[in-house]
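Engineer: Pasting in a structure now, in structure tokens, and then I'll have a few things to ask.
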Amino acid sequence: MELISQHTKAIMEGCKERARAAGLRFDAESLEYVVTNRDLLELTPKAMIPTLYDYWVHDVEVLREKGRYELYPNNPYETVINTRPAISFYNDNNPDWLNVMIFYHVLAHIDFFQNNLYFRHTWDFDLAGQALADKRLIARLRSEKGRWVDYIIEFARGIDNLVGYHRELSRQHRPQATQASPRIDYYFDVFLQSERKVRPSEYMKEIALYNDCLKRDGKDVERSFFGEVLSRYPEFESFYEKSRQQHDSEPGDLLQFLLDHSPMLQRDENKWMKSVIEVVRKTSLYFQPQIRTKIMNEGWASYWHEKLFMQDERISGHEVEFARIHAGVTSLQRVGLNPYAIGLRLFQSIEEAANKGRYDERFRRLLNARDRQDYDAATNSGQATIFRVREDYCDFTFVNEFVDQDFVDRHRLFVVGKRLNEARMVWEYYVKSRSAEAYQQMLMESIYHPPAITVDRPRTASGPLYLTHRFEQRPLVKEFIGNTLIGIEYLWGGSVRLETSEVAQINRPEAKPGQSDPSPDITWRRVVYESTQRKLTKVPA
Amino acid sequence: MEQRLLAFYQLLKTRGLTPEQEQRILAEIGSGSDHGLLPVAVPAPRLDLYAWNDLAQLQGMGSARSHYTLHVRSLEDLLERDRQREKDGFPRKIRIGRMVRPGRGGKDKVVVVPTTVEEKLIHDRSFQEQQEEGGSAGGAGEGEQGEVIGEQKVREEAGGAPGGAGQGEGGAHDIESSAYDLGRILTEKFELPNLKEKGKKRSLTKISYELTDRNRGFGQVLEKKATLRRILQTNLALGNLPDPTNIDPTKFLIAPSDKVYRILSQEKDYDSQALVFFVRDYSGSMAGKATELVVSQHVLIYSWLLYQYNEQVESRFILHDTEAKEVPDFYSYYNSRVAGGTRVAAAYALVNQLVEKDDLAKDYNIYVFHGTDGDDWDTGSAETVPELTKMLRYVNRVGVTITEHSSPPSRNSEVELTLKRSGLLESRPDLLRLDVMGEDAEEPRLIEGIRTLIS
Numbered sequence: 010m011e012l013i014s015q016h017t018k019a020i021m022e023g024c025k026e027r028a029r030a031a032g033l034r035f036d037a038e039s040l041e042y043v044v045t046n047r048d049l050l051e052l053t054p055k056a057m058i059p060t061l062y063d064y065w066v067h068d069v070e071v072l073r074e075k076g077r078y079e080l081y082p083n084n085p086y087e088t089v090i091n092t093r094p095a096i097s098f099y100n101d102n103n104p105d106w107l108n109v110m111i112f113y114h115v116l117a118h119i120d121f122f123q124n125n126l127y128f129r130h131t132w133d134f135d136l137a138g139q140a141l142a143d144k145r146l147i148a149r150l151r152s153e154k155g156r157w158v159d160y161i162i163e164f165a166r167g168i169d170n171l172v173g174y175h176r177e178l179s180r181q182h183r184p185q186a187t188q189a190s191p192r193i194d195y196y197f198d199v200f201l202q203s204e205r206k207v208r209p210s211e212y213m214k215e216i217a218l219y220n221d222c223l224k225r226d227g228k229d230v231e232r233s234f235f236g237e238v239l240s241r242y243p244e245f246e247s248f249y250e251k252s253r254q255q256h257d258s259e260p261g262d263l264l265q266f267l268l269d270h271s272p273m274l275q276r277d278e279n280k281w282m283k284s285v286i287e288v289v290r291k292t293s294l295y296f297q298p299q300i301r302t303k304i305m306n307e308g309w310a311s312y313w314h315e316k317l318f319m320q321d322e323r324i325s326g327h328e329v330e331f332a333r334i335h336a337g338v339t340s341l342q343r344v345g346l347n348p349y350a351i352g353l354r355l356f357q358s359i360e361e362a363a364n365k366g367r368y369d370e371r372f373r374r375l376l377n378a379r380d381r382q383d384y385d386a387a388t389n390s391g392q393a394t395i396f397r398v399r400e401d402y403c404d405f406t407f408v409n410e411f412v413d414q415d416f417v418d419r420h421r422l423f424v425v426g427k428r429l430n431e432a433r434m435v436w437e438y439y440v441k442s443r444s445a446e447a448y449q450q451m452l453m454e455s456i457y458h459p460p461a462i463t464v465d466r467p468r469t470a471s472g473p474l475y476l477t478h479r480f481e482q483r484p485l486v487k488e489f490i491g492n493t494l495i496g497i498e499y500l501w502g503g504s505v506r507l508e509t510s511e512v513a514q515i516n517r518p519e520a521k522p523g524q525s526d527p528s529p530d531i532t533w534r535r536v537v538y539e540s541t542q543r544k545l546t547k548v549p550a
Numbered sequence: 003m004e005q006r007l008l009a010f011y012q013l014l015k016t017r018g019l020t021p022e023q024e025q026r027i028l029a030e031i032g033s034g035s036d037h038g039l040l041p042v043a044v045p046a047p048r049l050d051l052y053a054w055n056d057l058a059q060l061q062g063m064g065s066a067r068s069h070y071t072l073h074v075r076s077l078e079d080l081l082e083r084d085r086q087r088e089k090d091g092f093p094r095k096i097r098i099g100r101m102v103r104p105g106r107g108g109k110d111k112v113v114v115v116p117t118t119v120e121e122k123l124i125h126d127r128s129f130q131e132q133q134e135e136g137g138s139a140g141g142a143g144e145g146e147q148g149e150v151i152g153e154q155k156v157r158e159e160a161g162g163a164p165g166g167a168g169q170g171e172g173g174a175h176d177i178e179s180s181a182y183d184l185g186r187i188l189t190e191k192f193e194l195p196n197l198k199e200k201g202k203k204r205s206l207t208k209i210s211y212e213l214t215d216r217n218r219g220f221g222q223v224l225e226k227k228a229t230l231r232r233i234l235q236t237n238l239a240l241g242n243l244p245d246p247t248n249i250d251p252t253k254f255l256i257a258p259s260d261k262v263y264r265i266l267s268q269e270k271d272y273d274s275q276a277l278v279f280f281v282r283d284y285s286g287s288m289a290g291k292a293t294e295l296v297v298s299q300h301v302l303i304y305s306w307l308l309y310q311y312n313e314q315v316e317s318r319f320i321l322h323d324t325e326a327k328e329v330p331d332f333y334s335y336y337n338s339r340v341a342g343g344t345r346v347a348a349a350y351a352l353v354n355q356l357v358e359k360d361d362l363a364k365d366y367n368i369y370v371f372h373g374t375d376g377d378d379w380d381t382g383s384a385e386t387v388p389e390l391t392k393m394l395r396y397v398n399r400v401g402v403t404i405t406e407h408s409s410p411p412s413r414n415s416e417v418e419l420t421l422k423r424s425g426l427l428e429s430r431p432d433l434l435r436l437d438v439m440g441e442d443a444e445e446p447r448l449i450e451g452i453r454t455l456i457s
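Listed in order, the protein sequences are those of chains Y and G. Under the working numbering, the first sequence is numbered contiguously, ending at residue 550. Under the working numbering, the second sequence is numbered contiguously, ending at residue 457.
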């Protein structure tokens with residue numbers, strides 16, 4: 010890998026100035042490398058991080074038919090990676106005008122990485138540097154422990170999609186200043202509402218009482234207030250203690266739980282395994298936001314490369330070539346989901362709607378269809394709105410909030426269905442639905458969503474490690490359960506159980522001719538897999 | 003083609019058919035395709051949201067591909083690692099033998115891709131797809147609700163390339179190795195049985211003398227053209243050829259070493275030990291995974307035999323629908339499109355005929371491997387069993403692989419019934435083996451199947 014030429018770097022710096030003037034915010038430094046096919050070979054299995062630790066599976070072709078993106082929740086082959094400084098990769102024979110377009114695209118990605126709140130936990134350190142340190146650590150351990158390091162990596166990677174990303178994020182985002190006393194929080198948020206289930210009027214009285222105490226006693230409010238509370242609810246203290254214990258003992262995620270509580274890992278001679286697992290966990294956490302913002306990230310980058318390219322006077326004369334590439338990237342497919350196309354159009358429609366003031370209360374109150382159609386308050390807040398959206402949203406919330414019927418109709422989007430025509434033995438693709446609801450549902454289902462698998466602490470306390478898979482109408486991939494459990498069993502140092510749901514029976518109602526198939530009737534059952542002595546058994550729960 | 007099929011159908015009809023059989027037969031007749039070589043597979047459109055990336059979209063950089071020489075060593079390493087895993091008490095992880103279609107030309111070249119999978123607890127997407135009849139995707143453009151906007155053949159769904167385990171776009175790290183190496187790996191890794199000596203002497207070579215080598219200066223027969231060329235070279239070098247348009251041969255200076263002769267020389271002639279007939283059903287019903295499985299298994303068997311017989315294996319390839327034909331090379335065998343009806347007896351008859359005509363039984367160990375989906379129009383097995391019995395007189399092994407279709411759900415297939423009813427499986431277990439697997443079997447099952455067929 011070598012850096013791009015000085016000439017090209019100068020172009021990049023010009024792009025940065027223009028992008029900053031347009032409102033994008035990003036660090037001053039960035040690194041651009043020219044990559045060859047050979048470089049890509051090494052980079053792609055390592056999620057484009059040149060300094061990622063070595064692992065033998067990286068040298069083998071990995072079977073990916075089953076759940077490619079569930080298994081590897083990072084965007085492979087990405088042009089830019091979220092490091093400090095941000096690193097991006099280029100073909101060595103791109104013409105200048107194309108580089109300008111790519112640079113704008115890359116800068117918008119960097120802006121996204123460095124401002125979107127879902128990336129909050131990646132802001133404080135440089136991944137490339139951290140990864141290099143981890144790589145050295147693993148190399149050193151490997152020279153001491155040999156192949157066992159690879160087993161630990163393998164087993165830890167087997168569950169690295171179950172990291173508690175949102176928990177991590179919520180820890181990062183909890184504002185320090187507004188943190189009131191946990192006791193007060195518990196009293197008003199949980200105790201009164203969930204435990205006592207008081208009426209609103211009583212609740213308001215309690216608040217008034219608290220405010221009185223606050224006025225009267227200032228800093229000592231807690232003591233005087235709870236003095237009065239205890240006279241009415243003597244049981245409050247024990248409830249509070251119980252909830253605190255529960256909260257403290259809630260494990261971050263499976264990997265964290267193993268790190269903290271696995272009897273095997275606590276042994277002195279196995280301490281080194283913890284650092285390996287920690288590396289795998291951290292790396293996985295780092296990539297979590299990328300796959301959760303694919304539509305937004307690509308939409309945002311496409312929006313800006315289009316806008317800024319057309320304003321850039323340095324490359325006038327290349328509009329036609331640009332249009333060809335740009336259309337190739339952002340055109341809506343007849344069948345298929347293109348995140349560039351959908352993201353770009355969503356950002357554009359948000360900007361347009363915000364410019365007309367359609368996210369205001371006044372518009373929301375309008376009921377008359379014609380008034381709604383013609384509504385234009387000319388608030389010109391489009392730019393501000395899309396910048397706010399890029400900061401606060403992820404794919405799920407983005408799709409959930411902004412895909413509406415206007416959007417679906419305007420771009421003539423539809424959900425494609427696929428059905429069997431038995432007479433001709435062909436799969437037919439047909440227009441299944443043009444409703445926004447169905448389209449949104451389809452998008453939601455395509456978005457990355459790992460299974461929620463947590464440790465059941467009470468059951469674990471009295472037997473083998475007990476994992477529970479939350480039922481979400483989707484089974485797990487069966488073939489993978491066995492080997493994954495063997496890995497967890499090794500890390501735990503004892504038997505492991507996994508409770509999950511499986512299909513017991515599917516009844517397919519007869520389809521009426523000419524109509525789309527009715528959805529089948531599925532009966533589920535809970536089952537428990539157990540891995541003991543590396544043998545897998547299954548029993549009904 | 004149609005005429006021939008219809009005539010055969012009429013013949014069967016007079017013998018009596020159940021409505022179910024008739025329906026199946028008519029479906030195959032009606033499919034209207036032919037046996038051509040497969041077109042180059044067109045990549046399917048990307049339906050997945052996450053299949054898009056900047057490098058490909060903006061810079062036209064596809065996924066990286068490496069040359070196999072970069073990785074030649076790693077296959078050995080990987081297998082060694084796998085053996086160590088087993089010793090440590092963990093399941094093996096490397097799979098090999100994902101075959102990439104051999105090209106025309108390179109005769110015994112197969113491409114072995116060592117693969118592995120990192121197992122995790124993930125949601126099963128295929129379930130969602132089944133549930134919704136193939137799932138749903140996004141689309142854009144014209145079309146009323148309910149309107150059909152495109153269609154795709156059902157059984158050719160697997161990349162549209164029956165026979166080729168398509169690599170798709172993500173493919174890389176190919177390791178090309180000869181079929182011999184693959185055979186060695188199969189034998190070692192999967193502990194496939196070694197062949198027993200059959201008591202026949204294994205003479206690997208015989209030596210004959212032929213006038214094939216050339217020698218300058220002396221020899222048995224003068225090569226006039228080559229000699230003249232050398233003389234011209236010498237004279238040009240000496241400047242003894244002043245005018246190329248007017249050559250006088252009598253002025254040539256001739257050195258003794260300019261004379262080129264043919265000389266009698268020793269030639270090693272390899273004796274073939276084994277002859278394998280690969281028989282594949284390429285009727286219409288074989289479309290899709292069934293063919294892929296059969297062909298992959300045949301590559302593996304071929305490789306294994308090649309190793310066992312120290313490369314002294316000859317192979318003949320036979321395709322059959324209602325009639326059988328021999329094809330010259332593996333490429334045609336592998337890549338011929340499926341169409342037409344099914345009559346197993348035709349294939350067996352052709353094998354018998356070939357063996358008889360060339361008197362092959364005397365010189366070779368003969369193996370016959372037959373891959374089919376179990377369909378046979380000849381339900382009475384009036385023709386199949388006699389041909390098979392005849393074959394069993396000379397072969398070392400007949401191995402029949404049946405890949406049952408998952409849709410419509412499998413029943414006891416015709417071929418399976420025929421073999422079971424004939425009683426040959428019990429009376430000649432050393433010569434005739436049957437292996438039935440589901441259409442969706444994976445590599446380990448394939449290799450298990452080979453063990454059944456050849457052990």
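Each residue gets a CB set at the ideal place from its N, CA and C atoms; glycine is no exception.
(1) Which residues bound the beta strand (DSSP E) around GLU511(Y)?
(2) Spatial neighbours of PHE411(Y) within its chain, please: C-beta separation below 7 Å, excluding the five flanking residues on both sides.
(3) Output yes if chain G places a C-beta closer than 8 Å to the C-beta of TYR349(Y); else output no.
(4) Per DSSP, what are the beta-bridge partners of SER317(G) in this structure?
(5) Using a Cβ cut-off of 8 Å (strictly closer), state whether LEU57(G) contacts chain Y.
(6) Name, please, each residue of chain G whose Cβ falls closer than 9 Å to the Cβ of GLU437(Y).
(7) So which of ARG367(Y), ASP413(Y), ARG149(Y) has the shortest CA-CA distance to ASN380(Y)?
(8) Please report whether the beta-carbon of GLU428(G) lies at a distance below 8 Å from any beta-carbon of chain Y.
(9) Closer than 8 Å by C-beta to GLY152(G): which residues in its own chain qualify, once you throw out the five before and the five after it? Chain order, please.
(10) If we count Cβ pairs, one from each stretch, closer than 8 Å, do we get three or more for the stretch 101-115 of chain Y versus the stretch 15-30 of chain Y?
(11) Counting only Cβ pairs nearer than 8 Å, list the residues of chain G close to GLU87(Y).
(12) Do you know offhand how far LEU485(Y)'s Cα is from ASN170(Y)'s?
(13) Can you tell me where the alpha helix (DSSP H) holding ASN46(Y) begins and where it ends?
(14) For a contact meaning CB atoms closer than 7 Å, what does SER455(Y) contact in chain G?
(15) Apart from the five residues on each side of it in sequence, which residues of its chain come closer than 8 Å, Cβ to Cβ, to GLY108(G)?
(16) Helix, strand or coil for HIS114(Y), going by three-state DSSP, please let me know.
(17) According to the Cβ coordinates, are SER287(G) and TYR211(G) closer than 8 Å?
(18) Mind checking whether VAL288(Y) and LEU146(Y) have CB atoms under 8 Å apart?
(19) Could you tell me the alpha carbon to alpha carbon distance between ASP262(Y) and ARG127(G), rounded to whole angstroms?
(20) Find out if the Cβ-Cβ distance for the pair LEU33(Y), ALA165(Y) is shorter than 8 Å.
(21) In angstroms with no decimal places, state the Cα-to-Cα distance between LEU545(Y) and PHE489(Y).
(22) Any residues in the stretch 415-440 of chain G with a beta carbon nearer than 9 Å to a beta carbon of chain B? Which ones, in chain order?
(23) What are the start and end residues of the beta strand (DSSP E) that includes TRP501(Y)?
(24) So with CB distances below 9 Å, who are the chain Y contacts of HIS125(G)?
(25) Would you say TRP65(Y) faces chain G, with C-beta separation under 8 Å as the test?
(26) Taking the alpha-carbon positions, what's the LYS55(Y) to SER311(Y) distance?
(27) In angstroms with no decimal places, state the Cα-to-Cα distance between TYR284(G) and LYS15(G).
(28) Would you kindly report the start and end of the unbroken alpha helix (DSSP H) that includes ALA217(Y)?
(29) Evaluate the contact criterion for the stretch 299-313 of chain G versus the stretch 343-362 of chain G: three or more CB pairs, one atom per stretch, below 8 Å.
(30) Should SER455(Y) and PHE480(Y) be called a contact, given that it needs their Cβ atoms to be closer than 8 Å?
Structural biologist: Well, looking at it:
(1) That run of the beta strand (DSSP E) goes 505-516.
(2) For PHE411(Y), where only same-chain residues beyond five positions count, the Cβ hits under 7 Å are LEU355, ILE359.
(3) Closer than 8 Å: yes.
(4) Answer by DSSP bridge pairing, in chain order: VAL278(G).
(5) Yes, because at least one Cβ of chain Y sits closer than 8 Å to the Cβ of LEU57(G).
(6) Under the 9 Å cutoff, chain G gives VAL150, ILE151, GLY152, GLU153, GLN154.
(7) Residue identity check: residue 380(Y) is Asp in the sequence provided, not Asn. Nearest C-alpha to ASP380(Y) among ARG367(Y), ASP413(Y), ARG149(Y): ARG367(Y).
(8) Closer than 8 Å: no.
(9) If we look at GLY152(G) and ignore the five residues flanking it on each side, it has no Cβ neighbours.
(10) Touching, yes, given that three or more Cβ pairs across the two stretches are closer than 8 Å.
(11) The contacting residues are ASN55, ASP56, LEU57.
(12) ASN170(Y) has its alpha-carbon roughly 13 Å from the corresponding atom of LEU485(Y).
(13) Per DSSP, ASN46(Y) belongs to the alpha helix (DSSP H) from 46-52.
(14) Here the neighbours are LEU51.
(15) With a pLDDT of 44 at GLY108(G), under the threshold of 50, the predicted position of this residue should be treated as unreliable, and no value is reported.
(16) The three-state reading of DSSP puts HIS114(Y) in helix, counting H, G and I together.
(17) Against a cut-off of 8 Å, the Cβ pair of TYR211(G) and SER287(G) comes out as no contact.
(18) Yes, the Cβ-Cβ distance between VAL288(Y) and LEU146(Y) is below 8 Å.
(19) Near 24 Å, if we compare the C-alpha coordinates of ARG127(G) and ASP262(Y).
(20) Taking C-beta atoms as the reference points, LEU33(Y) and ALA165(Y) fail to come closer than 8 Å.
(21) A direct Cα-to-Cα measurement between LEU545(Y) and PHE489(Y) gives close to 12 Å.
(22) Structure shown: chain B not included; protein chains present are Y and G.
(23) Residue range 487-501 is occupied by the alpha helix (DSSP H) that includes TRP501(Y), with no beta strand (DSSP E) assigned at that position.
(24) Against HIS125(G), the close residues of chain Y are GLY76, GLU79, HIS458, PRO459, PRO460, GLU481, ARG483, PRO484, LEU485, VAL486, in the order they occur along the chain (beta-carbon pairs closer than 9 Å).
(25) Put simply, the CB of TRP65(Y) is near chain G, with a gap under 8 Å to one of its CB atoms.
(26) Taken atom to atom, the span from the alpha-carbon of LYS55(Y) to that of SER311(Y) is near 26 Å.
(27) Between TYR284(G) and LYS15(G), the alpha-carbon positions lie close to 22 Å from each other.
(28) Start and end: 209-226.
(29) Taking 8 Å as the limit for Cβ pairs, the verdict is that the stretch 343-362 of chain G does not touch the stretch 299-313 of chain G.
(30) For SER455(Y) and PHE480(Y), no; Cβs fall outside 8 Å.
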